[in-house]
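Since the structure comes first, as structure tokens, the remarks are kept for the end.
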Amino acid sequence: MTVRSALYVAAHRAEHLAKALSTEADALVVELEDGVPADAKRQARAAGAEFLATTATRRTEVRVNGFGTGLLLDDLRAVAPTGVAAVRVPKVQSVDDVRFVARLLEELGSDAGVVPILESAVGIAGAVEIARAHERVVGILMGEEDLKADLGYGDRGLVAARSAVVLAARAAGLPAPLQSVWTRLGDEAGLRADCEDGRELGFGGRSVIHPSQVAVVHEVYTPTDSEVAEARAVLALAGRGGTVLADGQFVDDASVARARRVLDAVAGR
275 MTVRSALYVA AHRAEHLAKA LSTEADALVV ELEDGVPADA KRQARAAGAE
325 FLATTATRRT EVRVNGFGTG LLLDDLRAVA PTGVAAVRVP KVQSVDDVRF
375 VARLLEELGS DAGVVPILES AVGIAGAVEI ARAHERVVGI LMGEEDLKAD
425 LGYGDRGLVA ARSAVVLAAR AAGLPAPLQS VWTRLGDEAG LRADCEDGRE
475 LGFGGRSVIH PSQVAVVHEV YTPTDSEVAE ARAVLALAGR GGTVLADGQF
525 VDDASVARAR RVLDAVAGR
């Protein structure tokens with residue numbers, strides 16, 4: 275099933291972990307990094323690992339602490355035995371960063387995938403190589419707040435970087451990436467508009483920091499009934515060797531590929 279939303283859950287907050295499974299998010303991301311204060315890192319690691327090991331009803335991922343923090347190895351050791359689907363690695367700068375984490379997971383006996391998060395000019399510039407760095411890479415993401423700080427960007431400056439991440443993911447044969455989090459809680463109109471922009475750029479969904487954001491993300495990133503009907507019509511016509519829909523739309527390889535993506539997005543829902 276296509277993931278439209280991934281909810282970050284701060285692992286040091288027991289009440290947040292308990293409530294996470296009652297949300298409508300497609301995936302849960304146990305948060306060990308930015309959302310956890312320094313004096314709660316050890317507690318979060320233990321609680322997060324326990325949650326991951328006992329949660330089988332939802333896709334689970336974890337965001338570990340990054341390079342240079344002195345916490346990465348202990349985080350990986352804690353989550354490796356849990357069956358977590360993927361490890362989100364912050365502030366990835368190079369192919370070597372990805373391969374280092376992949377090798378550690380292999381040594382720890384984990385089957386988890388690796389999801390590099392690109393949060394700097396260096397990371398974005400190397401996006402294609404990073405996306406292709408290792409067979410364990412199952413997706414790539416961008417961290418927009420850190421990227422804006424690195425480049426001195428405002429929101430409008432993100433378009434090129436967003437496009438670079440989408441292109442890198444597709445060039446590497448990875449799923450359409452999820453957008454970075456929307457940090458302005460309460461600004462539903464802004465969230466919706468930004469999600470609509472993201473969908474136009476080729477993103478497949480969004481990471482979120484609060485359950486209240488999930489509904490908007492799903493609304494934007496779930497194909498409408500009319501889009502699904504049109505996709506089915508395109509595939510039906512293509513299967514019969516037709517070339518033009520009733521509304522005059524030309525059916526070619528590109529429209530067939532788009533139609534398949536639409537139907538893949540609603541499969542299992």
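Start counting the sequence shown at 275; every next residue gets the next number (this note's numbering). For each residue, glycine too, the CB sits at the ideal point set by N, CA and C.
- When the beta-carbon positions are compared, alanine 446 and alanine 386 stay at least 8 Å from each other.
- Contact between leucine 415 and leucine 465 does not hold, since their C-beta atoms are separated by about 17 Å, which reaches or exceeds 8 Å.
- With distances taken between CA atoms, valine 388 lies nearest to Arg362 out of Gly478, Leu382, Arg362, Ala401.
- The alpha-carbon separation between alanine 330 and valine 358 amounts to approximately 9 Å.
- Looking at the DSSP output, proline 390 sits in a beta bridge with Val363.
- Rounded to the nearest angstrom, the Cβ distance from alanine 450 to glycine 417 is 17 Å, too far for a contact under 8 Å.
- Non-local beta-carbon contacts of alanine 489 in its own chain, meaning distances under 8 Å to residues more than five positions away in sequence, involve Glu298 in chain order.
- Judged by beta-carbon spacing, alanine 539 lies beyond the 8 Å limit of valine 508, meaning their Cβ atoms are not closer than that value.
- Beta-bridge analysis with DSSP links arginine 333 to Ala301.
- Methionine 416 has Leu392 as its beta-bridge partners, per DSSP.
- By the CB criterion at 8 Å, lysine 315 and leucine 345 fall inside the cutoff.
- Listed in chain order, the alpha helix (DSSP H) runs fully inside the segment 419 to 499 are 433 to 445, 462 to 475, 488 to 495, counting runs of at least 4 residues.
- Judged by beta-carbon spacing, leucine 382 lies within the 8 Å limit of alanine 354, meaning their Cβ atoms are closer than that value.
- Per the C-alpha coordinates, the member of Ala399, Glu419, Ala395, Pro390 positioned closest to arginine 410 is Pro390.
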